[in-house]
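Below is one structure, written out as structure tokens; the observations come after it.
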DNA sequence: TTCAAAAGATGATTTTCGTCATGATTAAAA
DNA sequence: TTTTAATCATGACGAAAATCATCTTTTGAA
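Residue numbers (this note's numbering), protein chains in the order written: chain A, 47 to 189; chain B, 47 to 189.
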């Protein structure tokens, strides 16, 4: 479904969103430790999120990452698109180069319903909502 | 979503299902040509489907592959499971080793709905139904 | 200036995807 | 019956992409 990079990205963004406003920045080490991800690989992913304006970064001592916008205005779909691109939303389920309503693959219509369901969920689920479950203790960032 | 191998598998099985009953076997060359897939790689995939009892193979001149059961009794989910395993149906969307109702990942409940939707579709969509769209001319196996 | 932290470049490893050569089987031809 | 050729089966190999690590450079606060 998602690439590993994308899973790390969602968990990382979620963790950052769980932090109180007083914590204005978080370091890579803490993030990768909290979400149980390889540090160097996580760094790469965070770089992409910074370039995509979902995060801001600060260098130097006491540097780190912070969210660019409000957590209620950042949605899972934005993260997925930043890392995995839009192939999940627009690509053909069976790999046809040109697959659309006029030239549909064998399962095009069946999958449209699934895809719409998935896209709708991703585009309406905010980081604030997800982070709430973590702070609540009902959901977890690691096993 | 699906691996390339799985996409080829679905298209290959669908093509075989489109053939009339008189055609009791189809060769690899014809299959990979019709679904526009690399021949050698497709051979590997068909082998797995044979081992999984979704296909039967016959060697020698005029050999080939044929479906093991009726196309109305073979469902997309069986093909997906044979090639990609059950990770799509049971694996955690965010990659947690142990993710379940008692220890859910950040998006566990949100994804359960999607997953159930997807699994339901795959488990109830038969090859016969899919093949009908191809024979109908409304759907296509290649671009 | 010093030093901690992110950014960036590069390389290693693993997985997936794909090819090739060879063997095994069997129908058809001789 | 024997030979030939077509076809699937198998294993080794190679290419490409994804994942993960190491090292150097840049930045900026103390």
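Cβ atoms here follow ideal geometry from the backbone N, Cα and C, with glycine treated the same way. Everything numeric in this text was worked out from a predicted model, so none of it was measured.
9 Å Cβ cutoff met for residue 82(A) and residue 189(A): Here residue 82(A) is taken as the residue at index 36 of the first chain, counted from 1. Here residue 189(A) is taken as the residue at index 143 of the first chain, counted from 1. Closer than 9 Å, so yes.
Counted within 10 angstroms of its Cβ, other Cβ atoms place residue 90(B) as buried (16 or more) or exposed: Here residue 90(B) refers to the residue found at position 44 when the second chain is read from its first residue. Exposed, since its Cβ has fewer than 16 Cβ neighbours within 10 Å.
Residue 101(B): first and last residue of the uninterrupted alpha helix (DSSP H) it sits in: Walking along the second chain from the start, residue 101(B) turns up at place 55. Residue 101(B) -> not in any alpha helix (DSSP H); beta strand (DSSP E) instead, spanning 101 to 104.
Secondary structure of residue 157(B), DSSP reduced to three states: The sequence position of residue 157(B) within the second chain is 111, counting from 1. Residue 157(B) falls in the helix class under three-state DSSP.
Closest by C-alpha distance to residue 148(A), when choosing among 140(B), 186(B) and 150(B): Here residue 148(A) corresponds to residue number 102 of the first chain, with the count starting at 1. When each option's Cα is compared against that of residue 148(A), the closest is 186(B).
Coil, strand or helix - residue 110(A) by DSSP: If you number the first chain from 1, residue 110(A) lands on position 64. Correct three-state label for residue 110(A): strand.
Length of the line joining the Cα atoms of residue 144(B) and residue 96(B): As a position in the second chain, residue 144(B) is number 98, starting the count at 1. As a position in the second chain, residue 96(B) is number 50, starting the count at 1. Straight-line Cα distance between these residues: approximately 32 Å.
Cutoff 9 Å: residue 121(B) Cβ touching any chain A Cβ: Here residue 121(B) refers to the residue found at position 75 of the second chain. Answer no: the Cβ-Cβ gap between residue 121(B) and chain A never drops below 9 Å.
Coil, strand or helix - residue 151(B) by DSSP: Sequence index remark: in the second chain, residue 151(B) carries index 105 (1-based). The answer is strand: DSSP assigns residue 151(B) an E or B state.
Alpha-carbon to alpha-carbon, residue 165(A) and residue 73(B): Reading the second chain from its first residue, position 27 is the one you call residue 73(B). Reading the first chain from its first residue, position 119 is the one you call residue 165(A). Between residue 73(B) and residue 165(A), the C-alpha separation is close to 39 Å.
Within chain A, partners of residue 189(B) - CB distance below 8 Å: As a working note, residue 189(B) is residue 143 in the second chain. What residue 189(B) touches in chain A: 142, 143, 144, 145 and 149.
Same chain only: Cβ atoms within 6 Å of residue 176(A), ignoring 5 sequence neighbours per side: Position 130 of the first chain, counting from 1, holds the residue named residue 176(A). Cβ neighbours of residue 176(A) beyond the five flanking positions: 60.
Chain A contact residues for residue 167(B), given Cβ-Cβ distances below 9 Å: Taking the first residue of the second chain as position 1, residue 167(B) is located at position 121. The answer, in chain order, is 153, 156, 157, 159 and 160.
DSSP-derived helix/strand/coil call for residue 186(A): Within the first chain, numbered from 1, the residue matching residue 186(A) stands at position 140. It is a strand residue.
Assigned exposure category for residue 53(A) - 16 Cβ within 10 Å defines buried: Reading the first chain from its first residue, position 7 is the one you call residue 53(A). When all chains shown are included, residue 53(A) counts as buried.
Rounded separation between residue 119(B) and residue 51(B) - CA only: For the purposes of this step, residue 119(B) is taken as the residue at position 73 of the second chain. For the purposes of this step, residue 51(B) is taken as the residue at position 5 of the second chain. Their backbone Cα atoms lie some 22 Å apart in a straight line.
CB contact below 9 Å: residue 179(B) versus chain A: Indexing the second chain from 1 puts residue 179(B) at position 133. Closer than 9 Å: yes.
9 Å Cβ cutoff, residue 176(A) in contact with chain B: As a working note, residue 176(A) is residue 130 in the first chain. Residue 176(A) counts as touching chain B.
Selection from 155(A), 127(A) and 183(A) that minimises the alpha carbon distance to residue 184(B): In the second chain, counting from the first residue as 1, residue 184(B) sits at position 138. That would be 155(A), whose Cα lies nearest to the Cα of residue 184(B).
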